[in-house]
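Structure first, commentary second.
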Amino acid sequence: MGPERLRSPARTALAGREESEWRGLDPASKLEPSAADRVARLRKCSTLPRRGQGIAHVKHPTSSPTDRRAFLRALAGAGGAAALAPALGRYEALAHEIASLQGGAWSAPALRERYLLAADVSYLNHASIGTVPKAVHEAHVAYLRLCESNPWLYMWGGAWEEPRERVRAAVAGVLGTSPDRVTLTHNTTEGFSMVAAGLDLGPRDEVLFSSFNHPGASVCWEHHAARRGYRVRRFALAATDAPGWSADDLVRLHVEQIRPETRVLVVPHVDNIVGVRLPLERLVRAARDAGVAWVLVDGAQSAGMIPVDVDLSGVDGFSTSPHKWLQAPKGLGALVLTPDLRARVHPTWVTWGQERWAGTARALEDYGTRNLPELMALEDAIAFQRALGVDAKERHYRALRDHLRARVEASPALAWGSPTSWDLGASLCSIRVRGRPAADVSAELYERFGTVVRPFDLGGVQALRVSPNVMNDRAEIDRFVEHVEALL
Ligand SMILES: Cc1ncc(COP(=O)(O)O)c(C=O)c1O
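Position 7, counted from 1, in the sequence shown is what numbering that gives the first Met the number 0 calls 6; the numbers after and before it change by one each time, with no gaps.
Following this line, the structure appears as structure tokens:
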């Protein structure tokens, strides 16, 4: 299993397409005109702080500490960050979108218009990387512009301190934990890298994971093992057995691998190969009974797609990538650690002023200048997903999956390769193809029909991974099946 990447023919085709789309265009015109108009309107209706309003009338600090203190007092007098709250209030476009989606009143075809996907692309690869709703993208652009209107204010002047904590609270809400446990990272890989780099493990310790573990949650442990003297053991799970697994099987397959020296067990909540959803609560209990100290979960494919309750599941750590199923801008992540585990993880990033975050999840987070406009947009991405509705999304994923499975099972050329029950599965489905390498089929699917799926070679069994989202509909699934059948 390699990292998420299409094999070379498809990759070349994708690269070619991106290049021809953008060639000759200046950055401003990369937005379609209507979207550019909307950004202009959005900027007009958003309450950007102006001189003489909010805190922008406060004189900026100079280098002297006295002036700086005076500035901070003045800032507090002006209502501090709260005075800027209107600048980060829901932009009108986003508020409108959210109001119209509320209560699950959406349909996939109508929703597709609210995304930036190219008209000639059938995007069925949300497990590799998500796509951002237009309204969230526009909010992101507005934050970028706002930041450039006074970079110091937004980066170091404290204007985005309170909103940053709102982002943390929104993430905590999605993950079923409290904000004080959430470290805002850049992706799942970074979260695992931070824990592997910062946790003291020694020669008597073992880190255990299966062949279903993604490299983003595995390589970091292997990297540090030799120098620190601990052992990493990877056991094989046969992806081709997935359709027959029960919850009992999944717990047993993991627990029977635990040895007295196993201190850390790392598992994907939903794996990226065939989309098996692990029964986390049961697995954590059984792993603890077997002597594991910490169970760490890779939630890259679950957060935003299925309900997640980190605290209830009893896991010690959970790392995720909101740029997949939460449809946030790329390069946003979250790491949740129990206070006990966090106290044992030395920070990877060390920088000035960190003392004030000692003992909090933020102590692991600050590393100097960061892309705050992007971080601000995470709250909007979450608001958009909430407006779609957890239940409505789940109904949609489930219905599409049932439809895909029925079509696959009726086809002599195809076979279903994921768990059969929704409770053990996800909107991430493995479709076995016969007669041709899956990589060739996926490259041709893209070149001829604009369909984006990911190929897998499962030890000789050829499979296409299909991961639909809210804007995909049954007709798109039907076309996918017909196109694959035509290529085999
Ligand atoms: C299960 C799983 N874990 C981790 C990752 C890595 O994600 P990121 O690059 O956002 O860290 C992926 C990416 O596809 C994944 O599917």
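Beta carbons are placed, not taken as given, at the ideal position from N, Cα and C, and that holds for glycine.
For residue j and residue i, the rounded distance between their alpha carbons
{"i": "P85", "j": "P411", "result": "For P85, the predicted structure reports a pLDDT of 37, less than 50, and the residue's modelled location is therefore unreliable. A value from the coordinates is still provided. C-alpha separation (whole angstroms): 58 Å."}
{"i": "T368", "j": "G352", "result": "13 Å"}
{"i": "Y114", "j": "V294", "result": "36 Å"}
{"i": "P467", "j": "D270", "result": "15 Å"}
{"i": "V349", "j": "S192", "result": "15 Å"}
{"i": "W151", "j": "R226", "result": "41 Å"}
{"i": "V181", "j": "Y366", "result": "16 Å"}
{"i": "L41", "j": "H139", "result": "Reliability fails at L41, whose pLDDT of 36 lies under 50, so the model's placement of it is uncertain and no value is given."}
{"i": "S417", "j": "L387", "result": "26 Å"}
{"i": "L486", "j": "R251", "result": "39 Å"}
{"i": "E354", "j": "V389", "result": "38 Å"}
{"i": "S148", "j": "H185", "result": "25 Å"}
{"i": "I97", "j": "A141", "result": "17 Å"}
{"i": "D315", "j": "G290", "result": "14 Å"}
{"i": "P372", "j": "D247", "result": "45 Å"}
{"i": "L513", "j": "V452", "result": "Because the chain in this structure spans residues 0 to 487, residue 513 falls outside the shown range and cannot be described."}
{"i": "H482", "j": "L116", "result": "20 Å"}
{"i": "W244", "j": "R262", "result": "26 Å"}
{"i": "A342", "j": "V254", "result": "27 Å"}
{"i": "M470", "j": "I305", "result": "16 Å"}
{"i": "V344", "j": "Q461", "result": "41 Å"}
{"i": "L200", "j": "L264", "result": "13 Å"}
{"i": "E221", "j": "L444", "result": "36 Å"}
{"i": "L93", "j": "A168", "result": "19 Å"}
{"i": "S99", "j": "R394", "result": "19 Å"}
{"i": "R144", "j": "K329", "result": "18 Å"}
{"i": "T359", "j": "V166", "result": "16 Å"}
{"i": "R233", "j": "D240", "result": "18 Å"}
{"i": "H488", "j": "C146", "result": "Residue 488 lies beyond the range of the chain shown here (0 to 487); nothing can be said about it."}
Spatially closest choice to residue i from the options, by CA coordinates
{"i": "R433", "options": "E280, A414 and V254", "result": "A414"}
{"i": "R406", "options": "R478, Q384 and I381", "result": "R478"}
{"i": "A437", "options": "T239, L198 and F455", "result": "F455"}
{"i": "T450", "options": "A118, S426 and L123", "result": "L123"}
{"i": "R361", "options": "R163, A141 and H125", "result": "R163"}
{"i": "R258", "options": "D288, G243 and H125", "result": "D288"}
{"i": "H125", "options": "T239, N370 and I272", "result": "I272"}
{"i": "R400", "options": "L374, S429, Q384 and F383", "result": "S429"}
{"i": "V465", "options": "L403, A333, E408 and E112", "result": "L403"}
{"i": "L423", "options": "V231, P242, V120 and I128", "result": "P242"}
{"i": "Y396", "options": "A168, V291, A357 and W421", "result": "W421"}
{"i": "P338", "options": "L93, L145, A357 and V483", "result": "A357"}
{"i": "G313", "options": "S301, A285 and K329", "result": "A285"}
{"i": "A104", "options": "H268, V218, R385 and V231", "result": "R385"}
{"i": "L249", "options": "P278, H95, A224 and H223", "result": "P278"}
{"i": "K323", "options": "E112, D179, Q101 and G129", "result": "G129"}
C-beta contact flag for residue i and residue j at 8 Å
{"i": "G303", "j": "P321", "result": "yes"}
{"i": "V206", "j": "Y229", "result": "yes"}
{"i": "D379", "j": "V170", "result": "no"}
{"i": "S318", "j": "G190", "result": "yes"}
{"i": "L336", "j": "I381", "result": "no"}
{"i": "A425", "j": "R281", "result": "no"}
{"i": "A391", "j": "V131", "result": "no"}
{"i": "E260", "j": "R203", "result": "yes"}
{"i": "L374", "j": "L183", "result": "yes"}
{"i": "P346", "j": "L363", "result": "yes"}
{"i": "T176", "j": "G332", "result": "no"}
{"i": "L457", "j": "A238", "result": "yes"}
{"i": "S495", "j": "H268", "result": "Summary: the structure shown does not reach residue 495, with the chain confined to residues 0 through 487, and so no result is reported for it."}
{"i": "F448", "j": "S121", "result": "yes"}
Cβ-heavy atom distance, residue i to ligand 1, below 7 Å
{"i": "T368", "result": "no"}
{"i": "H402", "result": "no"}
{"i": "A126", "result": "yes"}
{"i": "H322", "result": "yes"}
{"i": "A333", "result": "no"}
{"i": "P418", "result": "no"}
{"i": "N471", "result": "no"}
{"i": "T187", "result": "yes"}
{"i": "N149", "result": "no"}
{"i": "Q326", "result": "no"}
{"i": "P267", "result": "yes"}
{"i": "A196", "result": "no"}
{"i": "A425", "result": "no"}
{"i": "N271", "result": "yes"}
{"i": "A241", "result": "no"}
{"i": "Q499", "result": "No answer is possible for residue 499: it lies beyond the span of the chain, which begins at 0 and ends at 487."}
{"i": "D288", "result": "no"}
{"i": "D390", "result": "no"}
{"i": "D297", "result": "yes"}
Any non-hydrogen atom of ligand 2 within 7 Å of residue i CB
{"i": "G215", "result": "For the structure depicted, ligand 2 is absent and the ligand set comprises only ligand 1."}
Query raised in the report: Is it true that the segment 101-121 meets the segment 465-483, where meeting means three or more beta-carbon pairs spaced less than 8 Å apart?
Result: yes
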